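A.B. asks: What follows is a structure written as structure tokens; I'll ask about it next.
Protein chains in written order, with this note's numbering: chain A, 1 to 164; chain B, 1001 to 1277.
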């Protein structure tokens, strides 16, 4: 099926456990769709060519760059953004709490992408070494913290934060 | 940066994808994971009129490990291939090198075949296929053909694929018994494209060395009957024959030196591992 350029087409998928539907031109990035069509601005836009990791979300449970995905490609998929982490009363998730305890963010621009990477990755790597954490974080650029506090937060979460 | 406008075809069958490629030819590009093509579209280094999305073709999600090699069909992601337990024994070089490809967040979507078809001179997968050997299967409405790894890469972002052909699968040849392998890479950050990458396979008769980031396509050289004590001289001579480009990341002299040093390290490591078997 061909979706013509310059026209808006309907796309439907599951966003943070809720069905959503909207309209997008074929070239519309998922980042812009989430922020401008849906109105969820937790997903940040940095380099827009897959390098910085600020826009990292989860597609079918795996961390992925929202800027390297066109909204129409999400038809029928499951997308999770940083808005899914806190519960309905806005209580922070254990991973977010570990970030807070360890001062793992300063300006916070990169944080959403880092959290969505780690939230997915820690499910398949529940007991990582510090080196493995650093390698995984290499896909998310942070220009404030020097990463030390972020790594500390992850190791804190791994040790005890999970049950906090 | 936003891509230029394109028509989007979500292929539901292989025939639909092949029909689109036959109809639109050079105006069409295939998109699978979009981790190589996506950045090029966003930066408008590529601006196809039609994007043919094949990621919904479940038949192209196959992985096969056979005696003569490991096969990944068009939609197999790098993460899924890396996750296969057979990889360490069947393709030790890929097992060692694949963590260097991009990041967790790009390997989850990026495909093996997509990186090969994109043919970035600094990407790891083209280097790995060229070094271990094997073939890709190209499919079009005209039929199917195998293209040997050595003939596939034809220049910077250029392959032997025709405008109407889809890269259906890639097959990495099985290593000879008791081969040793090694991989090294120098990049600005782990997961970035290589400044220079070196991959070596040592067997009973000699060593094959592949170098990425040096030329428009992987440079693969065979050193027959090489002895460890002669490796340094051989790599010094080899580096002198290379003609790398200068770019803002690294100048030609630095790349040549990396080729010599990383080449020597991987060759010696591969030989040592062969003896250890």
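Backbone N, C-alpha and C fix where the C-beta goes; we use that ideal spot for every residue, glycine too. Small disclaimer: the values here were computed from a predicted structure and weren't measured.
Show which residues of chain A have a CB atom less than 8 Å away from the CB atom of residue 1108 of chain B.
C.D. replies: The answer, in chain order, is 59, 62, 63, 64.
A.B. asks: Within the same chain, show all residues whose beta-carbon is closer than 6 Å to that of residue 152 of chain A, passing over the 5 residues directly before and after it, in chain order.
C.D. replies: Counting only Cβ-Cβ distances below 6 Å, and skipping sequence neighbours, we find 102.
A.B. asks: Let me see if you follow: with CB-CB separation under 8 Å, is residue 67 of chain A close to chain B or not?
C.D. replies: So yes, residue 67 of chain A belongs to the interface.
A.B. asks: Can you pull out the residues from the stretch 29 to 46 of chain A whose beta carbon lies closer than 9 Å to at least one beta carbon of chain B?
C.D. replies: The stretch 29 to 46 of chain A vs chain B, Cβ under 9 Å: 29, 32.
A.B. asks: Based on the DSSP output, what are the partners of residue 1071 of chain B in its beta bridges?
C.D. replies: Answer by DSSP bridge pairing, in chain order: B:1064, B:1171.
A.B. asks: By the three-class DSSP mapping on this structure, what secondary structure does residue 1190 of chain B have?
C.D. replies: Three-state DSSP puts residue 1190 of chain B in coil, outside helix and strand.
A.B. asks: Starting from residue 118 of chain A, trace the alpha helix (DSSP H) both ways and give me its first and last residue.
C.D. replies: Per DSSP, residue 118 of chain A belongs to the alpha helix (DSSP H) from 111 to 124.
A.B. asks: Scan the stretch 14 to 26 of chain A for residues whose Cβ lies nearer than 9 Å to a Cβ of chain B and list them as they occur along the chain.
C.D. replies: Of all residues in the stretch 14 to 26 of chain A, 25, 26 have a Cβ within less than 9 Å of some Cβ in chain B.
A.B. asks: Taking the straight line between their C-alpha atoms, what separation do you get for residue 76 of chain A and residue 15 of chain A?
C.D. replies: Each residue's alpha carbon lies about 10 Å from the other.
A.B. asks: At least one CB of chain B closer than 8 Å to the CB of residue 5 of chain A: is that the case?
C.D. replies: Output row for residue 5 of chain A: interface = yes.
A.B. asks: With residue 83 of chain A as the anchor, note down where its beta strand (DSSP E) starts and where it stops.
C.D. replies: First-last for residue 83 of chain A: undefined, no H or E at that position.
A.B. asks: Is the beta carbon of residue 1065 of chain B closer than 8 Å to that of residue 1097 of chain B?
C.D. replies: Cβ distance not < 8 Å, so residue 1097 of chain B and residue 1065 of chain B don't count as in contact.
A.B. asks: Buried or exposed for residue 1171 of chain B, going by 16 or more other Cβ atoms inside 10 Å?
C.D. replies: Flag for residue 1171 of chain B reads buried.
A.B. asks: Quick one: Cα of residue 1133 of chain B to Cα of residue 1072 of chain B, how far?
C.D. replies: Rounded to whole angstroms, residue 1133 of chain B to residue 1072 of chain B spans 14 Å at the Cα level.
A.B. asks: Between residue 1015 of chain B and chain A, is the shortest Cβ-Cβ distance under 8 Å, so that the two count as touching?
C.D. replies: No, its Cβ sits nowhere closer than 8 Å to a Cβ of chain A.
A.B. asks: Helix, strand or coil for residue 51 of chain A per DSSP?
C.D. replies: Of the three classes helix, strand and coil, the one that applies to residue 51 of chain A here is coil, per DSSP.
A.B. asks: Would you call the stretch 1206 to 1224 of chain B in contact with the stretch 1148 to 1161 of chain B, where contact means no fewer than 3 C-beta pairs closer than 8 Å?
C.D. replies: Touching, yes.
A.B. asks: My output table needs one value for residue 89 of chain A: the three-state DSSP class, helix, strand or coil.
C.D. replies: Residue 89 of chain A: coil per DSSP, three-state reduction.
A.B. asks: Closest to residue 1014 of chain B by C-alpha separation, out of B:1184, B:1104, B:1141, would be which residue?
C.D. replies: Of the candidates B:1184, B:1104, B:1141, the one whose C-alpha sits nearest the C-alpha of residue 1014 of chain B is B:1141.
A.B. asks: Do you know how far the Cα of residue 1160 of chain B is from the Cα of residue 1018 of chain B?
C.D. replies: Each residue's Cα considered, the two are about 17 Å apart.
A.B. asks: Is residue 73 of chain A close to chain B? Criterion is C-beta to C-beta, closer than 8 Å.
C.D. replies: Yes, its Cβ sits closer than 8 Å to a Cβ of chain B.
A.B. asks: Check this for me: beta carbons of residue 1021 of chain B and residue 1166 of chain B, under 8 Å apart or not?
C.D. replies: Yes, Cβ-Cβ distance for residue 1021 of chain B and residue 1166 of chain B is below 8 Å.
A.B. asks: If I follow the unbroken beta strand (DSSP E) through residue 63 of chain A, where does it start and stop?
C.D. replies: Start and end: 62 to 65.
A.B. asks: Would residue 1008 of chain B count as contacting chain A if we go by Cβ distances under 8 Å?
C.D. replies: At least one chain A Cβ lies under 8 Å of residue 1008 of chain B.
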